[in-house]
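See below for the structure under consideration.
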Amino acid sequence: MTHKASRNDNYGGAGVTLNPIAGPAQSSIVWMHGLGDSGEGWSGAFNPALFPSTRLIFPTAPTRPISLNGGFPMPGWFDINGLDESSPEDKVGFEEAKKRIEGIVAGEMAAGVPAERIILGGFSQGGAVTLHVALRSKVKLGGAVVLSGWLPLKADYPAALTETGKSMAYFHGHGDADGVVRYQWGQHSAEKMKELGLDYTFKTYRGLDHGATPEEMRDATTFMKAILEK
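Structure follows, in C-alpha cells:
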C-alpha cells in the first residue's frame, strides 16, 4: 500500500483524497469528475503506486439542479443547458468551481507542494473546469489533463489567458464516437488552444464513446509522470 484514503477533498469539501504514506506529498494531482459522478467514482481510475509521493485529490462537485436534465439535482460543477458549442453557458457556476479548485491548489502550495508540481485534470464537465482554471491560473502549474472535455467560455480568449496559463503543457484525449461531448467540439477546442500558442496535445481514440479506456488512462498517466519526474 502506497496511499491512505480520506473521505474528503483535504480542505473540508466532499471527495476522496489519497495521501502518500511514505512521507509528505512532493506533488499533487487534483482530478474533477463528470456530471452526476463523484470524486469516489474516479478515485480508483489511477494506480496510486505509480505516484508514490503524490497526493491524489478527487473533489466531489456540489449537488445542483441541471437544466439539461429538467432541473433534476445531481453533482455538477456548473449548470448545463445543452450539449453543443452554441448552448448558453453557466459563467457563475464556472467561477464557483474555479474558486473551489483554486482553494485546493492554494492549500497544496501552503502544505509545501510547489505549484509546478501540481497537475489539474478532469473528465467531461471536469475537463471543462480543468481548462477554465488552468488557462486563467495566476500560478504556473505543472500541467493539465482533459478527457472528453471542451473549452468553456471560448469568447473570453485570448483576453482571459494568463501568461502562466499559456506556459504549461496540456493533454486532451477524446473519443471520435463520443455521443455526449461531440468529438468535433473537442477538436475545435484544441484548435483554439493551438491558435493561442499553447503546448496542447490532442489525441483521438478510435471508436470511443463518452468514457475512458485503459489506453487513454495510460496516456494520461504517462503525461503526468513525465511532468512530475522532471
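Going letter by letter, the sequence shown gives residues 27 to 256 in the working numbering.
Ideal placement from N, C-alpha and C gives every residue a C-beta, glycine not left out.
{"Query": "Should Arg244 go down as buried or exposed, given a rule of 16 or more other Cβ atoms within 10 Å for buried?", "Result": "exposed"}
{"Query": "Going by C-alpha to C-alpha distance, which of His29, Ala51, Gly39 sits closest to Leu254?", "Result": "Ala51"}
{"Query": "Ordered along the chain, which non-local residues of its own chain (more than five positions away) have a Cβ less than 6 angstroms from that of Val171?", "Result": "Gly147, Phe197, Ala246"}
{"Query": "Since Gly97 contacts Pro91 with CB under 8 angstroms, what's their CB separation in whole angstroms?", "Result": "4 angstroms"}
{"Query": "Along the alpha helix (DSSP H) that carries Phe228, what are the first and last residues, could you check?", "Result": "Careful: Phe228 lies outside any alpha helix (DSSP H), inside the beta strand (DSSP E) at 225-231."}
{"Query": "Below 8 angstroms, how does it come out for the segment 31-49 and the segment 201-219: are there three or more Cβ pairs, yes or no?", "Result": "no"}
{"Query": "Just how far apart, CA to CA, sit Ser112 and Ala154?", "Result": "15 angstroms"}
{"Query": "Looking at the strands, I want to know which residues DSSP matches up with Thr89.", "Result": "Pro101"}
{"Query": "Use the C-beta contact count for Arg126: other C-beta atoms within 10 angstroms, 16 or more gives buried, fewer gives exposed.", "Result": "buried"}
{"Query": "Taking DSSP's pairing of strands, which residues face Tyr196 in a bridge?", "Result": "Ala170, Tyr226"}
{"Query": "Taking 6 angstroms as the limit between beta carbons, can you name the residues of its chain near Ala132, skipping five residues before and five after?", "Result": "none"}
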